[in-house]
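J.: The following block contains the structure, expressed as structure tokens.
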Ligand code: ATP
Ligand code: MG
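Residue numbers (the numbering used here): 494 to 698.
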């Protein structure tokens, strides 16, 4: 089975700025620098055939590139326990539009809908149970956080491998967004790489 999700990759300078925030949190599982991403839709475990359908359907999504920024931090809490700390990305029309297009595309190939409302964020760390005052202190100390706006020129179908040392996210397909002016170093890097052939799915079809 393939554990899949659709997300935006982040430029290198944004990822390294986020990595520099790491500090003072016993028990935190910090997200590895290469793993920072903005999830657009979690897909879950699917077989090779569904993965091919998903990849093909996503290829028909045609949307323009756009800019994003990071304007603060927040956390997810369940039953008074902080589970995740994240950087907040203000939603703009283009982002919401792309997210809806991806939702519709995945609905049409039978991927179950996420029940929670889309809340654009970049997870920085996960916890078993972090005290809220400590998290708030971190947020105060780390604010304001400014990386400036950055271009998004593609979205990515990732495959996730859950390991004891932390997950590995492997880009399976990178889909360019429209817009001739958009430079997307991440996409160029992907296109130039030879490692990312679509081997497994081809073998299955
Ligand atoms: P781990 O599960 O080991 O903490 P992870 O959550 O980063 O690692 P995955 O569970 O494969 O790895 O998740 C991949 C991405 O999808 C992450 O951004 C995660 O937050 C998001 N995600 C995972 N499960 C769901 C879900 N049920 N609904 C929405 N998003 C999800
Ligand atoms: Mg998870």
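The C-beta atom is built at its ideal place from N, Cα and C for all residues, glycine as well.
(1) What separation, rounded to the nearest whole angstrom, lies between the Cα atoms of residue 634 and residue 565?
(2) Answer yes if the segment 659-672 comes into contact with the segment 540-557, meaning at least three C-beta pairs across the two stretches below 8 Å, and no otherwise.
(3) For my contact list, residue 649 and residue 500 are in at a C-beta cut-off of 8 Å; report their separation, rounded to the angstrom.
(4) Determine the extent of the beta strand (DSSP E) in which residue 574 is found, giving its start and end residues.
(5) Note the first and the last residue of the continuous alpha helix (DSSP H) segment covering residue 529.
(6) Measuring from the CB of residue 664, is there a heavy atom of ligand 1 at a distance below 6 Å?
(7) Considering residue 545, what are the terminal residues of the alpha helix (DSSP H) in which it resides?
(8) Secondary structure at residue 500, three-state DSSP: helix, strand or coil?
(9) Compare the C-alpha of residue 494 against each of 654, 526, 664 and 662 and name the closest.
(10) Which runs of the alpha helix (DSSP H) fall wholly inside the segment 590-677 and span at least 4 residues, in chain order?
T.: With the structure as the only source:
(1) 11 Å
(2) yes
(3) Indeed they touch by this definition, with Cβ atoms about 6 Å apart.
(4) 574-581
(5) Per DSSP, residue 529 lies in no alpha helix (DSSP H) and is assigned neither H nor E.
(6) no
(7) Residue 545 -> alpha helix (DSSP H) spans 541-551.
(8) strand
(9) 654
(10) Taken in chain order, the whole alpha helix (DSSP H) runs of length 4 or more contained in the segment 590-677 are 625-635.
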